[in-house]
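What follows is a short report on a single structure.
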Ligand code: TRP
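In this note's numbering, the protein residues as written are 171 to 488.
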């Protein structure tokens, strides 16, 4: 069976955009998958220990609450397999500066005049190490991460050419992009401040959904569901039949945006109700989450040691 691997950066609380863009797919394809929380990578943007710890726990609790089953998938913290840092070094020595200079994560920062750390520059090498150290076959990615997998293949190929067959060359599967509008209608993103946190509920959820921008049509006016942000988010949750039913109410008139927002809140509550409950239980019992992560790391680490051993021997470090 092909080994599926992905990393999730703990760079902030997860929102609906993350859910529909990645988390849902990760959980749907969890059999024998490796998912890790990329806390080493997050250090390139998060520089506060308590925040990083909280965010790391939150990713784990969120995945578990949403149905990640540790018997099916391996869930772990990147830093619990420190071998990945050693392999990063071995790979760095076969990686040309030019290869990393063209990496978008670095290039974009530089173009915006933001000074980049060596860590950010080296980010793609750490990511290559993450992928190669588990003999991964397939990396599910969004379009922003394709280049990173290509760089990984370049580094693996280079190492293999220099030292003999050592690494398996991974491929990627590109997920179909799922456009999730934020409350202002732009793409939902934490950095735009227009996001709805995955586990928002009650008053907070009401306030956020209430703030979703709509046009100024009155209650009685017929409305166009296809240009409405509320409808666009509702669609993500609803079946075809439910979508058609709501669209008909929009078009008929006498149905206001306030009503549509209530429908959306009900859908969100229905979809995430059980996961919210489960997440609360996990928050009350952090040791349980920790144990899952440690068990995951033990499984991951056994593979990492084997692959790192192969790489060390190949280049003469034994
Ligand atoms: N760079 C990825 C992101 O920002 C996170 C990541 C780190 C990752 N290592 C990985 C993803 C390895 C896939 C495989 O989303």
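Glycine included, C-beta positions come from ideal geometry on N, C-alpha and C. Nothing here was measured: the structure is a model prediction, and the numbers come from that model.
Under a Cβ-count criterion, where at least 16 other Cβ atoms within 10 Å of its own Cβ denotes burial, should residue 325 be classed as buried or exposed? Position 155 of the chain shown, counted from the first residue, corresponds to residue 325. Per the 10 Å Cβ criterion, buried.
Is the beta carbon of residue 260 less than 8 Å from the beta carbon of residue 311? In the chain shown, residue 260 corresponds to position 90, counting from 1. In the chain shown, residue 311 corresponds to position 141, counting from 1. Taking a C-beta distance under 8 Å as the contact criterion, residue 260 and residue 311 do not qualify as a contact pair.
Taking 8 Å as the cut-off, decide whether the C-beta atoms of residue 207 and residue 226 are in contact. If you number the chain shown from 1, residue 207 lands on position 37. If you number the chain shown from 1, residue 226 lands on position 56. Closer than 8 Å, so yes.
Do residue 422 and residue 395 come within 8 Å of each other at the CB atom, strictly closer than that value? Position 225 of the chain shown, counted from the start, is the residue given in the question as residue 395. Position 252 of the chain shown, counted from the start, is the residue given in the question as residue 422. Against a cut-off of 8 Å, the Cβ pair of residue 422 and residue 395 comes out as no contact.
Specify whether the segment 236-252 and the segment 202-216 touch according to this definition: at least 3 beta carbon pairs, one from each stretch, less than 8 Å apart. yes
Considering only C-alpha positions, which residue in the set 193, 230, 177 is nearest to residue 535? Any property of residue 535 remains undetermined from this structure, which presents the chain solely from 171 to 488.
Restricting to Cα atoms, I'd like to know which of 409, 431, 359, 387 is closest to residue 186. Your numbering for residue 186 matches position 16 in the chain shown. With distances taken between Cα atoms, residue 186 lies closest to 359.
Report the rounded CA-to-CA distance for residue 286 versus residue 296, giving the unit in angstroms. Locating residue 286 in the chain shown gives position 116, where the first residue counts as 1. Locating residue 296 in the chain shown gives position 126, where the first residue counts as 1. The alpha-carbon atoms of residue 286 and residue 296 are separated by roughly 16 Å.
Could you tell me whether any non-hydrogen atom of the ligand ZN is closer than 7 Å to the CB of residue 218? By its list of ligands, the structure shown excludes the ligand ZN, since it contains just the ligand TRP.
Please classify residue 174: does DSSP put it in a helix, a strand, or coil? Sequence index remark: in the chain shown, residue 174 carries index 4 (1-based). The answer is strand: DSSP assigns residue 174 an E or B state.
Considering only residues of the same chain and omitting the five flanking positions on each side of residue 237, which have a CB-CB separation below 7 Å? The sequence position of residue 237 within the chain shown is 67, counting from 1. Cβ within range, chain order: 197.
Given the structure, does residue 230 come close to the ligand TRP, in the sense that its CB is under 7 Å from one of the ligand's heavy atoms? In the chain shown, counting from the first residue as 1, residue 230 sits at position 60. Short note on residue 230: C-beta not closer than 7 Å to any heavy atom of the ligand TRP.
With H, G and I counted as helix, E and B as strand and the rest as coil, what does DSSP make of residue 207? Along the chain shown, one-based indexing puts residue 207 at 37. If DSSP states are grouped into helix, strand and coil, residue 207 belongs with the strands.
Quick check on the DSSP output: the alpha helix (DSSP H) that includes residue 296 runs from which residue to which? To locate residue 296, count along the chain shown from 1; it is residue 126. Its alpha helix (DSSP H) spans residues 288-302.
In DSSP terms, what residue 369 is bridged to: On the chain shown, position 199 is the one that residue 369 refers to. Answer by DSSP bridge pairing: none, since residue 369 is not bridged.
Quick one: does the C-beta of residue 297 sit closer than 7 Å to a heavy atom of the ligand TRP? Taking the chain shown and counting its residues from 1, the one referred to as residue 297 is at position 127. Short note on residue 297: C-beta closer than 7 Å to some heavy atom of the ligand TRP.
Does the beta carbon of residue 316 fall short of 7 Å from some heavy atom of the ligand TRP? Here residue 316 is taken as the residue at index 146 of the chain shown, counted from 1. No.
To which residues of the same chain is residue 406 closer than 8 Å at the C-beta, ignoring the five residues directly before and after it? Along the chain shown, one-based indexing puts residue 406 at 236. Closer than 8 Å at Cβ, skipping near neighbours: 186, 190, 348, 350.
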